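S.K.: Handing you this structure, nothing more for now.
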DNA sequence: GCGGTCGTTCACATCTTCTTCACCGCGCGT
DNA sequence: ACGCGCGGTGAAGAAGATGTGAACGACCGC
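Here you go:
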C-alpha cells in the first residue's frame, strides 16, 4: 500500500500516519480499528475526490465488493462517528449518492 | 498518492471530472445526482453548441427520448438551479427554442 | 471459560432520486 | 382574441440508496 518511511498525511486537523496506524485529531490520538483505519487511509489517498465503494472496498478490504455487501457503508458510519466526536465542528466524509464518498475538510 | 485524475473538463469556473462524478464550482464541490451529472457531461461534450433533447437523452439516459417525455426539461431545470446557486453571476445553460440547449460560460 | 473487541450481516428508518403529472406563461399563426 | 406548441416549474408517489442500531459468531488475552 504505502511507503515504509515517515509518510504523514495532513487533512485539516487530521494527521494520519499510515505506516504507524495512527491518527491524530487536533493532536489527540484517535482509537480506530484496523478496518476503520484502512478505510480512512483509502479515503485520504484521494482527498477531495469522490471514491466509489468498490474502490474503497478494494483498498481497505481487498478483493471485490459483492453486490449487497454493506460493510463499507457501516464502516463509513463508524468512522464518521469517531471523527465527528473528535472534531465536532468538521464534516470530513461527504456522501455523493450514486457515486461514493469524498473526504474533505471543507464543508 | 495517486495523481492521475483521468479526464478533466474545464468550463469557465466549472471543473468536471467525469470519472469521479464530481463537479467543482469555483473550487467548491457541487452535489449532483447521477442524472444531473450525466446531463451536464452530455452538455459539456458539446460546449458552445446547441444539443437537441434527443441527443441529450441518448447520452444521459440511454435509449430514445419518447414523445411527450419531459424528463430532460425537468433535469435541465434542476441543473440550472444548482449551477445558478453555486455561481450566481453565470448563466450556463441556454435554451434554443425548438432546437435544444447550449452550455456556454459566456453570458 | 470469561469478558472484551472486532467484523459481518440483518432489519428497519430515513433520505434521495427519478418519473410523471399538472398547470403556467409565452410566442406564434389565424 | 383564440388555440396551439413549447418550455419552465412545482409537487406527488414509488423506487432506490444510504444511515443506523442491534445481533451474532470469531477471535484473543487473561
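Residue numbers (our numbering), protein chains in the order written: chain A, 58 to 164; chain B, 58 to 164. Ideal placement from N, C-alpha and C gives every residue a C-beta, glycine not left out. Model, not experiment: these values are computed from the prediction.
In the segment 88-115 of chain A, which residue ranges form an unbroken alpha helix (DSSP H) of at least 4 residues, counting only runs that do not cross its ends?
M.R.: 91-101
S.K.: Mapping DSSP to helix, strand and coil, what is residue 152 of chain A?
M.R.: Against the first chain, residue 152 of chain A aligns to sequence position 95. Correct three-state label for residue 152 of chain A: strand.
S.K.: Taking the alpha-carbon positions, what's the residue 76 of chain A to residue 67 of chain A distance?
M.R.: Working through the first chain from its first residue, we reach residue 76 of chain A at position 19. Working through the first chain from its first residue, we reach residue 67 of chain A at position 10. Residue 76 of chain A and residue 67 of chain A: Cα-Cα distance of roughly 14 Å.
S.K.: Can you name the start and end residues of the beta strand (DSSP E) that residue 72 of chain A belongs to?
M.R.: Walking along the first chain from the start, residue 72 of chain A turns up at place 15. Taken as a continuous stretch (DSSP letters only), the beta strand (DSSP E) holding residue 72 of chain A covers 71-74.
S.K.: Hey, out of A/114, A/80, A/163 and A/102, whose CA is closest to residue 131 of chain A's CA?
M.R.: Your numbering for residue 131 of chain A matches position 74 in the first chain. Closest by alpha carbon: A/114.
S.K.: For a test of the three-state rule: what should DSSP assign to residue 231 of chain A, helix, strand or coil?
M.R.: The structure shown does not extend to residue 231 of chain A, since chain A is modelled only from 58 through 164, so no value can be given for it.
S.K.: Just reading off the beta strand (DSSP E) that residue 78 of chain A is part of, what are its end residues?
M.R.: Taking the first residue of the first chain as 1, we reach residue 78 of chain A at position 21. Element bounds for residue 78 of chain A: n/a, residue is neither H nor E.
S.K.: What are the partner residues of residue 85 of chain B, as DSSP defines its beta bridges?
M.R.: Counted from its first residue, the second chain places residue 85 of chain B at position 28. Here residue 85 of chain B is bridged, per DSSP, to B/82.
S.K.: In terms of residue numbering, what span does the beta strand (DSSP E) encompassing residue 67 of chain B cover?
M.R.: Counting from one through the second chain, the residue named residue 67 of chain B turns up at place 10. Start and end: 66-68.
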